[in-house]
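Everything below concerns the one structure shown next.
Residue numbers (my numbering): 106 to 488.
Next up, the structure:
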């Protein structure tokens, strides 16, 4: 089955190109050319539109009234399908801090259904916790916090079938350096967050192999002129990536711009940190074991703290462009290529490249999502 996609612009890892024709054969990307490469193939005319890689959400807890921690295979399948309406074609189902057995069971469930989902593809699992500290606990239950244990992690990884891609922890916990060295040597990405660490503590763990800051600015020791803290580490350390929630509630646009300018937009990964209330009306929901109220675009715990988000990744890319802090090309890069690279899965997603699965989105010139394609087939279209 052959298709040729005509569009005004294509977003590639190296930059923009177009207008042109993108060849797709049997659900796989081919080359982009200035002339139609196959007049016998089905022509999909997207004149006036832009084509970008499918979005990659590497930090997402739930969507459409389902939470990863529900440990419900059917619920994760619903999430997968529904995420296509957000422009997401690859994601990392993300856990919350919980007890050892529950996390083991959740890892096992995701591993078992990884290849059975029909929508956005599960490219691995992100364990957010439980090796955090209480000062910046956010919506994580401190009753389950502990120092990292390689034996415990290996149990989770074995249960998952080896698909845990990333795990987050606080640098100031005991035994972190040794844990990070062992985990990163096995190919797992270590992220730093929910932490009151100093700059020197964060730097030491980065030098041991950690490479991502969890939802930067949120859930971490802030920047102070005498102690730069975790935020100072994210802003100043080299060769690290920073997750960023650009919903206009978690981080002020100017703060987002400062991070992008300091680290480079090629080191900022747009994420949603979305909870089960994403795609749902305002009301009362659960995030793990906590009651959350969704109102006025935010999800908050009873004491008023933000608890995840209801952000869609398609909104994040539009927001940063509308705020004037990123070009369309940079916005796309921060929601596709960068998150894929940051989680060591750029070999399977995050870019339009010959030989890859033809997962892509169609945007209008105002960055609004118009369609989502999976393996070369249109699976979502705005009506």
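Glycine included, C-beta positions come from ideal geometry on N, C-alpha and C.
Every value quoted in this text rests on a predicted model; they were computed, and no experiment measured them.
query, result
"Simplified DSSP assignment, three categories, for residue 138", "strand"
"As assigned by DSSP and simplified to three states, the class of residue 258", "helix"
"Residue 402 versus residue 140: straight-line alpha-carbon distance, rounded", "45 Å"
"Rounded separation between residue 376 and residue 328 - CA only", "22 Å"
"DSSP three-state assignment for residue 249, whether helix, strand or coil", "helix"
"Local Cβ density within 10 Å of residue 452, reported as buried at 16 or more and exposed below that", "exposed"
"Segment contact, 8 Å Cβ cut-off, at least three pairs: the stretch 423–433 with the stretch 472–481", "yes"
"Buried versus exposed call for residue 330 [16 or more other C-beta atoms within 10 Å across all chains shown]", "exposed"
"The stretch 165–179 / the stretch 209–218 touching (three or more Cβ pairs under 8 Å)", "yes"
"Residue(s) in a DSSP beta bridge with residue 147", "108"
"Sequence-distant residues of the same chain with beta carbon closer than 6 Å to residue 393, five excluded per side", "174 and 201"
"Beta-carbon gap between residue 169 and residue 230 smaller than 8 Å", "no"
"DSSP state of residue 116 mapped onto helix, strand, coil", "strand"
"Where residue 188 falls: helix, strand or coil (DSSP)", "helix"
"Sequence-distant residues of its chain with Cβ nearer than 6 Å to residue 387 (five each side left out)", "399 and 400"
"Cβ pair residue 123, residue 134 closer than 8 Å", "no"
"Minimum C-alpha distance to residue 252 - residue among 244, 262 and 274", "274"
"Chain-order list of residues whose beta-carbon lies under 8 Å from that of residue 125 (same chain, five-residue window excluded)", "111, 112, 115, 137, 138 and 139"
"N- and C-terminal bounds of the beta strand (DSSP E) containing residue 237", "That residue, residue 237, is in no beta strand (DSSP E); it is neither H nor E in DSSP."
"Distance, residue 276 Cα to residue 306 Cα", "6 Å"
"Cross-strand partners of residue 396 (DSSP beta bridge)", "391"
"Residues that residue 340 bridges to, as DSSP identifies them", "In the DSSP output, where bridge partners are listed per residue, residue 340 has none listed."
"Per DSSP, cross-strand counterpart(s) of residue 296", "273 and 317"
"Stretch pair the stretch 307–317 + the stretch 238–250: three plus CB contacts closer than 8 Å", "no"
"Backbone CA spacing between residue 438 and residue 478 [nearest angstrom]", "18 Å"
"Where residue 226 falls, given that 16 or more other Cβ within 10 Å makes a residue buried", "buried"
"Straight-line Cα distance separating residue 364 from residue 355", "14 Å"
"Proximity to residue 353 [Cα-Cα], best of 416, 337, 254 and 262", "416"
"The stretch 156–168 touching the stretch 367–384, judged by at least three CB pairs closer than 8 Å", "yes"
"Proximity of residue 361 and residue 382 at Cβ, strictly below 8 Å", "no"
"Neighbour-count burial assignment, residue 464, 16 or more Cβ in a 10 Å radius", "buried"
"Proximal residues to residue 358 (C-beta, below 7 Å), its chain only, five neighbours per side dropped", "428 and 430"
"Close-in-space but distant-in-sequence residues of the same chain around residue 260 (CB under 8 Å, 5 per side omitted)", "205 and 209"
"Span of the alpha helix (DSSP H) around residue 446", "442–447"
"Residue 316 versus residue 189 - alpha carbon distance", "28 Å"
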